[in-house]
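What follows is one structure encoded as structure tokens, with my remarks underneath.
2 protein chains.
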Amino acid sequence: MTRNPNMREAILSAAESLFSTRGFNAVSIRDIALEAGANPGSVTYHFKSKDGLLLEIYKRHCGPMNKRRIELLVAARRVRDVQDRLEAIVRAYVQPAFSSSSDLAGGGARFTRLRAVMSAEGNAVVGRIIAEIFDDTTNAFIEAIEQSLPHLPRKTLVWRSQFLLGALYYTLVNPERVTRLSRGEADGADMAEAIEQLVSATVASLQAPDINAQVAAEPVAKAGARKAPAGSRSRIP
Amino acid sequence: MTRNPNMREAILSAAESLFSTRGFNAVSIRDIALEAGANPGSVTYHFKSKDGLLLEIYKRHCGPMNKRRIELLVAARRVRDVQDRLEAIVRAYVQPAFSSSSDLAGGGARFTRLRAVMSAEGNAVVGRIIAEIFDDTTNAFIEAIEQSLPHLPRKTLVWRSQFLLGALYYTLVNPERVTRLSRGEADGADMAEAIEQLVSATVASLQAPDINAQVAAEPVAKAGARKAPAGSRSRIP
DNA sequence: TGATAATTTGTACATCTGTACAAAAGAAAA
DNA sequence: TTTTCTTTTGTACAGATGTACAAATTATCA
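Read top to bottom, the protein sequences are chains A and B.
For the first sequence, position 187 (counting from the first letter as 1) is numbered 187 according to the numbering used here, and the numbering increases by one without interruption.
For the second sequence, position 130 (counting from the first letter as 1) is numbered 1130 according to the numbering used here, and the numbering increases by one without interruption.
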């Protein structure tokens, strides 16, 4: 090793940080080099191209993150109580996205934010990779949820998993909004609270009746009820 | 008016379309001009700069969209039944984001997608505007929800409104994911269904108990209480 | 009509972009 | 030490970018 024994890592970390906040196209190789204290030429030496650098970031994180997810999912599926199991499953999905088990600089939150930004930009390099690598894991989660909520069609669970991922992404992309709207009552950057809030909200949304579900016999007095009792109390048999 | 009586509109529409799919920095003025069938110089003539063009897009949509939202919110607040009212409130928030009332080319969905992308990129031009213009509307919604769910702290409602917006954004940013994961069972681009699914899931999540709520007395027979420990293990003092 | 204003066009320019590549510097092994 | 390999540096280049601006074109109106 030469001068900076971690130059490669420094570049990766700088790129991750800049990409995840400004997007891919807004960040130049020179920006990254400056942030990492490296020479621009050194970036192409280590990663061949800007795309190669982005790809390397994904390779670095995807494996550990999804591995951790599956580990937690396996444990979650063994939980007896349905309610607790559902919560454990959602937590298994959410938690590694906020802080990956591996101690890669910055943790999983930054990488998840990066994924959110790349997704929004419709990044071509990443498009295929994402679908291929993440869909397997996502499917495992949907199946697990399917087993805990067998009365719901898969279609509905997919929609709700979409909402979960969106909520997850946006929480990392724009945490200031939570702080602002709550007038300081909440801290949007508090990852621990974000996880708890997201898990509890998601568990409830997963348990909502299907939008096409027939309403079982219920003593309805009013005439209104245009959409059926869409809420959570209809959960009670 | 000159050759193309709608050249200004054509440029706006083209820019909106390109920005909302590729992001701000990935799209050049020349790209926009090409898409609009205009000369690059014409873009700077009408909008002064690239930033000015983006700003004009916001000016064009923000007003009508939030106006429609507030209209629907006012109506929603008059709904008697709590459950129905909550649903109407959420729908009042969601629906205009998918299709604005005004018939501006492309409807509200494209603009909402644009907002999602700009938010992810941390676009500086837009940052302030968003907070100033949208926070008022959002606060009106949070207050309305607060009145329907008085037992929940505002903080929790802010978190859940964050999740709603994230879910909304991501549904527009990456609809293909729904189609793919559902194996064709669902169409992620079906806006009508997206709205229904999002509304029903959100209403349920809003009604979830607060993560810090004490569990009221409930005849618990089993070891695992149904809803009680749903929050986190760390919650109990 | 002619005169004036509004729009479109084409060109130009300074700057930034990703990347290539040779030279320099350093580390490792003989 | 010398030799060999790895890494860093500096420079260069072709292309793209945002924007300015004068000329050409078209519309508006007296």
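For glycine and all other residues, C-beta sits at the position ideal for the given N, C-alpha and C.
Here the structure is a predicted model, which is why all the values come from computation and not from measurement.
Please check the pair residue i and residue j, which I expect to be a contact at CB under 8 Å, by giving their CB distance rounded to whole angstroms.
| i | j | result |
| --- | --- | --- |
| alanine 1201 of chain B | alanine 208 of chain A | 6 Å |
| glutamate 1185 of chain B | lysine 155 of chain A | 4 Å |
| aspartate 1135 of chain B | leucine 181 of chain A | 7 Å |
Can you check whether the CB of residue j is closer than 8 Å to the CB of residue i?
| i | j | result |
| --- | --- | --- |
| alanine 1120 of chain B | valine 117 of chain A | yes |
| serine 1205 of chain B | phenylalanine 1141 of chain B | no |
| glycine 188 of chain A | valine 203 of chain A | no |
| threonine 112 of chain A | alanine 92 of chain A | no |
| serine 1017 of chain B | arginine 1115 of chain B | no |
| alanine 15 of chain A | glycine 37 of chain A | no |
| methionine 1065 of chain B | glycine 1023 of chain B | no |
| alanine 1144 of chain B | arginine 1077 of chain B | yes |
| valine 94 of chain A | valine 199 of chain A | yes |
| leucine 12 of chain A | arginine 60 of chain A | yes |
| isoleucine 1239 of chain B | tyrosine 1058 of chain B | The requested residue 1239 of chain B is not part of the displayed model; chain B covers only 1001 to 1237. |
| arginine 157 of chain A | tyrosine 1170 of chain B | Note that residue 157 of chain A is leucine in the sequence shown here, rather than arginine. Not in contact: leucine 157 of chain A and tyrosine 1170 of chain B (Cβ atoms no closer than 8 Å). |
| threonine 1137 of chain B | isoleucine 1032 of chain B | no |
| asparagine 283 of chain A | asparagine 1025 of chain B | Only positions 1 to 237 of chain A appear in this structure, which leaves residue 283 of chain A out of reach. |
| phenylalanine 1047 of chain B | glutamate 1056 of chain B | yes |
| leucine 54 of chain A | phenylalanine 19 of chain A | yes |
Can you tell me whether residue i is buried or exposed, with buried defined as 16 or more other CB within 10 angstroms of its CB?
| i | result |
| --- | --- |
| glutamine 147 of chain A | exposed |
| valine 1173 of chain B | buried |
| valine 1043 of chain B | buried |
| arginine 30 of chain A | exposed |
| glutamine 1214 of chain B | exposed |
| alanine 286 of chain A | Residue 286 of chain A falls outside the range modelled here, since chain A spans only 1 to 237, and no answer is possible. |
| glutamate 87 of chain A | buried |
| glutamate 196 of chain A | buried |
| asparagine 6 of chain A | exposed |
| asparagine 123 of chain A | buried |
| arginine 160 of chain A | buried |
| proline 1175 of chain B | buried |
| arginine 183 of chain A | exposed |
| alanine 1194 of chain B | buried |
| valine 90 of chain A | buried |
| histidine 151 of chain A | exposed |
Can residue i be considered in contact with the ligand FAD, in the sense that its beta carbon sits closer than 7 Å to one or more heavy atoms?
| i | result |
| --- | --- |
| arginine 1077 of chain B | This structure lacks the ligand FAD; in fact it carries no ligand of any kind. |
Threshold first: 4 residues or longer. Then list the alpha helix (DSSP H) segments lying entirely within the segment 1028-1096 of chain B, N to C. 1029-1036, 1040-1047 and 1050-1077
Please give the ranges of any alpha helix (DSSP H) in the segment 141-197 of chain A, keeping only runs that are unbroken, at least 4 residues long and fully inside the region. 154-173 and 176-181
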